[in-house]
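> Questions regarding the structure given below will be posed in turn.
Protein chains: 2
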Amino acid sequence: MLYIDGLECSLYDREVFQELRAGQLACVTPTLAFWENATETMDEIGRWRDLERENADLIRIARTADDIEQAHRDGRTAILLGTQNSSPIEDRIRFLELFHDMGLRVMQLTYNNQNAIGGSCYEPEDSGLSRFGREVVLEMNRLGMVVDLSHVGERTGLDAIRASERPVAVTHANPRSLYDHPRNKGDELLKALAAGDGMLGLATYRNISGPWAGSREEWCDMVRRTVDLIGIDHVGIGTDLSRKSGQPELQWMRKGRWTRTEQRGASLSGTQTKAPPITWMESTADFPALAQCLSEHAGFDEDEVAKIMGGNWLRFYRQVLKPA
Amino acid sequence: MLYIDGLECSLYDREVFQELRAGQLACVTPTLAFWENATETMDEIGRWRDLERENADLIRIARTADDIEQAHRDGRTAILLGTQNSSPIEDRIRFLELFHDMGLRVMQLTYNNQNAIGGSCYEPEDSGLSRFGREVVLEMNRLGMVVDLSHVGERTGLDAIRASERPVAVTHANPRSLYDHPRNKGDELLKALAAGDGMLGLATYRNISGPWAGSREEWCDMVRRTVDLIGIDHVGIGTDLSRKSGQPELQWMRKGRWTRTEQRGASLSGTQTKAPPITWMESTADFPALAQCLSEHAGFDEDEVAKIMGGNWLRFYRQVLKPA
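So the sequence lines, in the order shown, correspond to chains A and B. Taking the working numbering, the leading residue of the first sequence gets 1255, the next gets one more, and so forth. Taking the working numbering, the leading residue of the second sequence gets 1255, the next gets one more, and so forth.
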């Protein structure tokens, strides 16, 4: 069985890479940018090249689905480079091709704020996908990049699903009908996502899991309810884990350079500190236990567990990461 | 016979590409940056990707020596992307790898001004290659990029030749012993360059050709004298042609963003306007006539003409563009 985590915002070091191996992860997508511009994102890509060289026994940057399978066979975790904002392209359509050259494979259209592409899940009014946004989606289709809609506004997200010529993803969110939170996704969007052969990565992030965060078993119940909603082929994991990420990183995510005031992010209670990770998913070392729980508690058969734990992501990557 | 122009600063459009084909050029290196930073250079690379798509019947961006030969066989001119400054890497060693990913293959260490790498040919005092400069040369060696020393100061250039683990190039300059000009290169440097199997691209730029610019025959006499100086295997062409480039481009080259005063660049007479091109090399369409003159006037045999007109550059690219 092959495990994939569709999205993390951990601060990676050798210890966190060892946790990836302890969890037998075949692939994980880290977050290289929240608000970073082109040059700053290149700094991050360059930093990842060094991490790859220094930890070649544990990880390998992947550019294709084949790379992921090869890494898995070699006992390495593939790193699929991603950003949670389109800030790296600085509103230039041409930069998508260049960042693709540098290995970027996943880009969220907006982070928490409206940008030139569309609205975010936290904006009071969502414009829908802009003219530029449409161009970006089609260019990402052409290049073979994952269009990520997780923090994107509902209307913009639906527009993007319809505009896209290939399947797209919500790498880290949960169904809003199971836990009502602006970061979660409505049934209409999720059904349109699945109809287009897209993927939903369910998040173990406390703030957007609500009551399902209580135990591994309860969270697996949420997986079952989600599979009932959009089908077994479109559900995966996107933990949103933030190992070793602390208060400075939380402030950067929430405030970037756009505000002087406190921002609560996904914390409905308005807490200004980081929500503690769910106790049964403190790191990816807990992936095998999650697979076991999906089987023993939630009653998925082996084939279904394999799909949820990584098989669906791999099929999706195989479809989406090939240049058109 | 395969023709290569080691360096141009033309403003390329379809007409200039047609001139490349009229001249039967197998490869040319355009200038994507004089003072541009990382983001601005990415704008240029992106623009070249579009030029390539729009003129696929005439040109093709090359990443390897094989690409150059393939383009030649297909009746296309290979474009080897280059910059005349290290400004694109913004003093980050990691950016070399990323620009290499984007297709950059030639980088001059300094343009007309001192930078973090070393001194330029116009500085009153040349520091020699800095500690960072040494790292840059070795990283370019590792990646397989052409280290260009044309506008670099003499001391820094000699240091770079000694520091480099692979052959390096002076893509566009002439021997100072044949025409005394700060942009031209002394015999000590040229002999060290050749001893390291490096390349000198002789320039048809009026300001640095002096009396040899008078006629095609006289310029071919300069080629003969240069071959006598450093050997038949280390001499090629680097016209420094600037087709369609006008006064705004000249001002950008000379003044960038570093000065408020007039700068004369390579004009020893202090002229503030562009030197007219040599009449017998107004565009690359004149390459075949140059080959003929090397044979008929300067008395090179067919094998020697082939080396000077492109064979030497191709051998050099074959050695240098392979990752170490």
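Glycine included, C-beta positions come from ideal geometry on N, C-alpha and C. Keep in mind the model is a prediction, meaning the values are calculated, not measured.
What does arginine 1346 of chain B reach in chain A if we use C-beta pairs closer than 9 angstroms?
Reading the second sequence from its first residue, position 92 is the one you call residue 1346 of chain B. The contacting residues are Thr1293, Met1296, Asp1297, Gly1300.
> Could you name the residues that DSSP lists as bridge partners for methionine 1453 of chain A?
For the purposes of this step, residue 1453 of chain A is taken as residue 199 along the first sequence, with counting starting at 1. In the DSSP output, where bridge partners are listed per residue, methionine 1453 of chain A has A/Ala1423.
> Helix, strand or coil for glutamate 1262 of chain A per DSSP?
As a first step, residue 1262 of chain A is located in the first sequence; it is residue number 8 there, counting from the start. Three-state DSSP puts glutamate 1262 of chain A in a strand.
> Are the beta-carbon atoms of isoleucine 1347 of chain A and cysteine 1281 of chain A separated by less than 9 angstroms?
Position 93 of the first sequence, counted from the first residue, corresponds to residue 1347 of chain A. Position 27 of the first sequence, counted from the first residue, corresponds to residue 1281 of chain A. No. Outside cutoff.
> Compare the Cα-Cα distances from valine 1390 of chain B to each of B/Ala1427, B/Thr1425, B/Leu1350 and report the closest residue.
Numbered from 1 along the second sequence, position 136 holds the residue referred to as residue 1390 of chain B. The residue with the shortest Cα to Cα distance from valine 1390 of chain B is B/Leu1350.
> According to DSSP, which residues form a beta bridge with threonine 1513 of chain B?
Here residue 1513 of chain B corresponds to residue number 259 of the second sequence, with the count starting at 1. Per DSSP, none; premise fails for threonine 1513 of chain B.
> Restricting to Cα atoms, I'd like to know which of A/Phe1570, A/Met1563, A/Gly1260 is closest to serine 1404 of chain A.
Here the question's residue 1404 of chain A lines up with position 150 in the first sequence. Per the Cα distances, A/Gly1260.
> Counting contacts by CB-CB distance shorter than 9 angstroms, is aspartate 1221 of chain B in contact with chain A?
Nothing in the structure corresponds to residue 1221 of chain B, since chain B is present only between 1255 and 1578.
> Taking the alpha helix (DSSP H) that cysteine 1474 of chain B falls in, what are its first and last residues?
On the second sequence, position 220 is the one that residue 1474 of chain B refers to. Cysteine 1474 of chain B -> alpha helix (DSSP H) spans 1470–1484.
> Cα-Cα, which of A/Gly1492, A/Glu1550, A/Thr1527, A/Ile1315 is closest to lysine 1509 of chain A?
Along the first sequence, read from residue 1 onward, the residue named residue 1509 of chain A stands at position 255. Considering only alpha carbons, the answer is A/Thr1527.
> Spatial neighbours of arginine 1265 of chain A within its chain, please: C-beta separation below 6 angstroms, excluding the five flanking residues on both sides.
Within the first sequence, numbered from 1, the residue matching residue 1265 of chain A stands at position 11. According to the sequence provided, residue 1265 of chain A is leucine. The question's arginine does not apply to it. Once the five neighbours on either side are set aside, the close Cβ partners of leucine 1265 of chain A are Lys1498, Ser1499.
> Does the separation of the CB atoms of serine 1537 of chain B and alanine 1276 of chain B fall below 9 angstroms?
If you number the second sequence from 1, residue 1537 of chain B lands on position 283. If you number the second sequence from 1, residue 1276 of chain B lands on position 22. Yes, the Cβ-Cβ distance between serine 1537 of chain B and alanine 1276 of chain B is below 9 angstroms.
> Name the chain A residues whose beta carbon is nearer than 8 angstroms to that of glutamate 1351 of chain B?
Within the second sequence, numbered from 1, the residue matching residue 1351 of chain B stands at position 97. Within 8 angstroms Cβ-Cβ: Gly1300, Arg1303.
> Grab the span of the beta strand (DSSP E) containing glutamine 1362 of chain A for me, first residue to last.
In the first sequence, residue 1362 of chain A corresponds to position 108, counting from 1. Element bounds for glutamine 1362 of chain A: 1360–1362.
> Taking beta-carbon pairs under 9 angstroms, can you tell me which members of the stretch 1397–1412 of chain B lie near chain A?
Here the close residues number zero.
> Can you list, in chain order, the residues of the stretch 1353–1365 of chain A whose Cβ is nearer than 8 angstroms to any Cβ on chain B?
The stretch 1353–1365 of chain A vs chain B, Cβ under 8 angstroms: Asp1355, Met1356, Gly1357.
> Which one of B/Asp1304, B/Leu1397, B/Val1406, B/Val1400 has the shortest CA to CA distance from alanine 1370 of chain B?
Taking the second sequence and counting its residues from 1, one reaches residue 1370 of chain B at position 116. Out of B/Asp1304, B/Leu1397, B/Val1406, B/Val1400, B/Val1406 has the C-alpha closest to the C-alpha of alanine 1370 of chain B.
> Helix, strand or coil for cysteine 1375 of chain A, going by three-state DSSP, please let me know.
Here residue 1375 of chain A refers to the residue found at position 121 when the first sequence is read from its first residue. Coil.
> Using a Cβ-Cβ cutoff of less than 6 angstroms, which residues in the same chain neighbour leucine 1451 of chain A once the five nearest sequence positions on both sides are dropped?
Translated into the one-based positions of the first sequence, residue 1451 of chain A becomes position 197. Checking the displayed sequence, the identity of residue 1451 of chain A turns out to be aspartate instead of leucine. Cβ within range, chain order: Pro1421.
> For the 8 angstroms Cβ check, are there 3 or more pairs between the stretch 1283–1300 of chain A and the stretch 1517–1536 of chain A?
Output reads no: the stretch 1517–1536 of chain A does not touch the stretch 1283–1300 of chain A.
> Would you say methionine 1507 of chain A and cysteine 1263 of chain A are within 9 angstroms of each other, going by their C-beta atoms?
Position 253 of the first sequence, counted from the start, is the residue given in the question as residue 1507 of chain A. Position 9 of the first sequence, counted from the start, is the residue given in the question as residue 1263 of chain A. The answer is yes: Cβ separation under 9 angstroms.
> Taking contact to mean 3 or more Cβ pairs, one atom from each stretch, closer than 8 angstroms, check whether the stretch 1471–1486 of chain A and the stretch 1428–1439 of chain A are in contact.
The stretch 1471–1486 of chain A is in contact with the stretch 1428–1439 of chain A.
> Output needed for serine 1549 of chain A: all residues of its chain with C-beta closer than 6 angstroms, excluding positions within five of it in sequence on either side, in chain order.
Taking the first residue of the first sequence as 1, we reach residue 1549 of chain A at position 295. So the qualifying residues of the chain are Val1559.
> Measure the C-alpha to C-alpha separation of aspartate 1311 of chain B and glycine 1336 of chain B and round it to an integer number of angstroms.
Numbered from its first residue, the second sequence carries residue 1311 of chain B at position 57. Numbered from its first residue, the second sequence carries residue 1336 of chain B at position 82. Cα-Cα distance, rounded: 22 angstroms.
> Determine the direct distance from the alpha carbon of alanine 1457 of chain A to that of glutamine 1501 of chain A, and round the result to whole angstroms.
One-based indexing of the first sequence puts residue 1501 of chain A at position 247. One-based indexing of the first sequence puts residue 1457 of chain A at position 203. Between glutamine 1501 of chain A and alanine 1457 of chain A, the C-alpha separation is close to 21 angstroms.
> Does arginine 1388 of chain A come out as helix, strand or coil in the three-state DSSP assignment?
As a first step, residue 1388 of chain A is located in the first sequence; it is residue number 134 there, counting from the start. It is helical.
> Give the straight-line distance between the Cα atoms of aspartate 1475 of chain B and serine 1463 of chain B, rounded to the nearest whole angstrom.
Translated into the one-based positions of the second sequence, residue 1475 of chain B becomes position 221. Translated into the one-based positions of the second sequence, residue 1463 of chain B becomes position 209. Roughly 12 angstroms separates the two Cα atoms.
> Let me check understanding here. Comparing Cα to Cα, which of B/Asp1557, B/Leu1363, B/Ile1258, B/Arg1396 lies closest to aspartate 1413 of chain B?
Here residue 1413 of chain B corresponds to residue number 159 of the second sequence, with the count starting at 1. Among B/Asp1557, B/Leu1363, B/Ile1258, B/Arg1396, the Cα nearest to that of aspartate 1413 of chain B is on B/Leu1363.
> Would you mind reading off the limits of the beta strand (DSSP E) that contains threonine 1331 of chain A?
On the first sequence, residue 1331 of chain A is found 77 positions in, with the first residue counted as 1. Start and end: 1331–1333.
> If isoleucine 1315 of chain A sits next to glycine 1357 of chain A, beta carbons under 8 angstroms apart, how far is it from one beta carbon to the other, in whole angstroms?
Taking the first residue of the first sequence as 1, we reach residue 1315 of chain A at position 61. Taking the first residue of the first sequence as 1, we reach residue 1357 of chain A at position 103. That belief holds up - the Cβ atoms of isoleucine 1315 of chain A and glycine 1357 of chain A are roughly 6 angstroms apart, short of 8 angstroms.
> How many whole angstroms separate the CB atoms of arginine 1437 of chain B and cysteine 1375 of chain B, which I take to be in contact at a CB cut-off of 8 angstroms?
Here the question's residue 1437 of chain B lines up with position 183 in the second sequence. Here the question's residue 1375 of chain B lines up with position 121 in the second sequence. Confirmed, Cβ separation roughly 6 angstroms.
> Give me, in chain order, the residues of the same chain whose beta-carbon lies closer than 8 angstroms to that of asparagine 1461 of chain B; leave out the 5 immediate sequence neighbours on both sides.
Taking the second sequence and counting its residues from 1, one reaches residue 1461 of chain B at position 207. The residues are His1435, Arg1437, Gly1519, Ala1520, Ser1521, Leu1522, Ala1529.
> Alpha carbon to alpha carbon, what distance is there between glutamine 1324 of chain B and glutamate 1306 of chain B?
By one-based count along the second sequence, residue 1306 of chain B stands at place 52. By one-based count along the second sequence, residue 1324 of chain B stands at place 70. Using only the alpha carbons, I get a separation of about 15 angstroms.
> Is it buried or exposed for threonine 1283 of chain A, if we count other Cβ within 10 angstroms and need 16 for buried?
As a working mapping, residue 1283 of chain A is identified with position 29 in the first sequence. Its Cβ being crowded by 16 or more others within 10 Å, threonine 1283 of chain A is buried.
> With a 10 Å radius around its C-beta and 16 neighbouring C-beta atoms as the bar for buried, classify tryptophan 1512 of chain A as buried or exposed.
Position 258 of the first sequence, counting from 1, holds the residue named residue 1512 of chain A. Exposed: under 16 other Cβ atoms inside 10 Å.
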